[in-house]
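Student: Mind the numbering: the sequence shown is residues 92 to 400 in the working numbering, read in order.
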Amino acid sequence: MDLLADVLAVSGVRGTLGARIEATATWGVWWTDNPGAAFYAVTSGTAWLGVPGHDPRQLMPGDVVLLPTGVGHTLTSYPGAPAPLCDSSTAAHARRTGGVLRFGDGDVQTHILGAAYRHDPAVSTQVLELLPEVVHIRADNGGTCLDDTVRLLARELAHPQIAASVVMNSLVDILLVQLLRVWLATRPAPSEPSWLGVLGDPLMTEALTLVHADPAAPWTTTALAARLNVSKATLARRFQSVAGETPAAYLTRWRMDLAAVRLRDGDEPLEAVAAAVGYSSVYAFSRAFSRARGAAPGRFRAAARAVAA
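Quick look at the structure:
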């Protein structure tokens, strides 16, 4: 069981290739807030990223940057350069067709690959929402595979072949995992407890691995502590200090995430969904789900399918 892989899979994090940017010596563009995460990889030239509340930062060849909340931002040739709002219809067409967005006049000096990431809104356990507003990984990141994947994506774009969209979107998903690996390995110690803190704590990693491997098991703090050969008090303290919640709260939240996806995407009766996430009665499951999601399981299923229709 790989915790990060499991959470990314259940939370439905998926990437799609965005528009390619080609820019000249003097240029700028302003992107409004995006409902998903925005990603850029600079393959040649340089650019300056401007995010409200942050100092401008220069992006060099080989740099990648993730804006997990899709906050509005600018990309420019130098700090403070004019940055008109990007035409949304032009950008959308470039994304759909794999086209190029060109900024400025003259010879192209900068090439940037863009991508976007979305997650399943039905799932409360998310990774992207816990990241800093700007995640900037420089090209000199210790010889990871991240730069290799960026180059491979650039080559695929330059010389597309059959099933190119499948290959490129798969590479975009790989890029996110590789970026997270580098960031997790180099980030400063977290100042506040969160799910991401679990990945740097061996005891918590083992505890959550047990829960994720068998969420329907009759877990209690006592039972989980016994499996880990620690005291109940030790486990409870570690959970609170690292994850910011109790073992019972995490277990319930994860079970409700799994149940929400099963309810929306499947046709199982409520009895089967309840049993799959550790509830012996539909009544107990319905109460827990209603508290967590503000709607009974049946009503949640109907509303989720109506939105998807």
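Think of the CB as a built atom: it goes at the ideal place given N, C-alpha and C, for glycine as much as any other residue.
Just so you know, these numbers come straight off a predicted model, no measurement behind them.
Report back the beta-carbon spacing between Val156 and His202 to the nearest angstrom; my notes put them in contact at under 8 Å.
Tutor: No, Val156 and His202 are not in contact; Cβ-Cβ is about 15 Å, not under 8 Å.
Student: In angstroms with no decimal places, state the Cα-to-Cα distance between Trp121 and Gly136.
Tutor: Going from the Cα of Trp121 to the Cα of Gly136 covers about 19 Å.
Student: Using a threshold of 8 Å, state whether the C-beta atoms of Ser179 and Ala116 are closer than that.
Tutor: Not in contact: Ser179 and Ala116 (Cβ atoms no closer than 8 Å).
Student: Could you tell me whether the Cβ atoms of Gly409 and Pro147 are closer together than 8 Å?
Tutor: Residue 409 is absent from the model: the chain starts at 92 and stops at 400.
Student: Where does Tyr131 land, buried or exposed, given buried means 16+ other C-beta within 10 angstroms?
Tutor: When all chains shown are included, Tyr131 counts as buried.
Student: Got a sec, what are the start and stop residues for the beta strand (DSSP E) Ala128 sits in?
Tutor: Ala128 -> beta strand (DSSP E) spans 128-135.
Student: Leaving out five residues on either side along the sequence, give the residues of the same chain with a beta carbon under 8 Å from the beta carbon of Phe391.
Tutor: Ala351, Leu354, Arg355, Phe380, Arg384, listed in sequence order.
Student: In the DSSP assignment, the alpha helix (DSSP H) including Glu247 goes from what residue to what residue?
Tutor: Taken as a continuous stretch (DSSP letters only), the alpha helix (DSSP H) holding Glu247 covers 237-249.
Student: Which same chain residues, not among the five before or five after Ala206, have their C-beta less than 6 Å away from its C-beta?
Tutor: Contacts found: Gly106, Leu108, Gly109, Phe130, Val263.
Student: According to the neighbour-count rule (16 or more other Cβ atoms, all chains shown, within 10 Å of its Cβ), is Ile112 buried or exposed?
Tutor: Ile112 comes out buried.
Student: In this structure, does DSSP put Thr165 in helix, strand or coil?
Tutor: If DSSP states are grouped into helix, strand and coil, Thr165 belongs with the strands.
Student: Looking at the secondary structure, which residues open and close the alpha helix (DSSP H) in which Ala395 lies?
Tutor: Start and end: 388-399.
Student: What's the gap between the Cα of Thr134 and the Cα of Val321?
Tutor: Each residue's Cα considered, the two are about 49 Å apart.
Student: Starting from Tyr41, trace the beta strand (DSSP E) both ways and give me its first and last residue.
Tutor: Residue 41 lies beyond the residue range present for the chain, which begins at 92 and ends at 400; the question has no answer from this structure.
Student: Using the rule of at least 16 other Cβ atoms within 10 Å of the residue's Cβ for burial, across every protein chain shown, is Arg346 buried or exposed?
Tutor: It counts as buried.
Student: Give the straight-line distance between the Cα atoms of Ala387 and Glu362, rounded to the nearest whole angstrom.
Tutor: Rounded to the nearest angstrom, the two C-alpha atoms are 14 Å apart.
Student: Out of Gly161, Ala185, Gln149, which one is the CA nearest neighbour of Gly171?
Tutor: For the residues Gly161, Ala185, Gln149, the minimum Cα distance to Gly171 belongs to Gln149.
Student: Rounded to whole angstroms, what's the CA-CA distance from Val199 to Ala96? Just pull it up for me.
Tutor: Going by the C-alpha atoms only, they are around 38 Å apart.
Student: Between Val289 and Leu99, is the Cβ-Cβ spacing less than 8 Å?
Tutor: No, the pair does not count as a contact, with Cβ atoms beyond the cut-off.
Student: Tell me where the beta strand (DSSP E) around Thr107 begins and ends.
Tutor: Counting along the chain, the beta strand (DSSP E) containing Thr107 begins and ends at 105-114.
Student: Just list the alpha helix (DSSP H) runs in the region 252-295, keeping only unbroken ones of 4 residues or longer that don't cross its boundaries, in chain order.
Tutor: Whole alpha helix (DSSP H) segments, 4+ residues: 255-277, 286-289.
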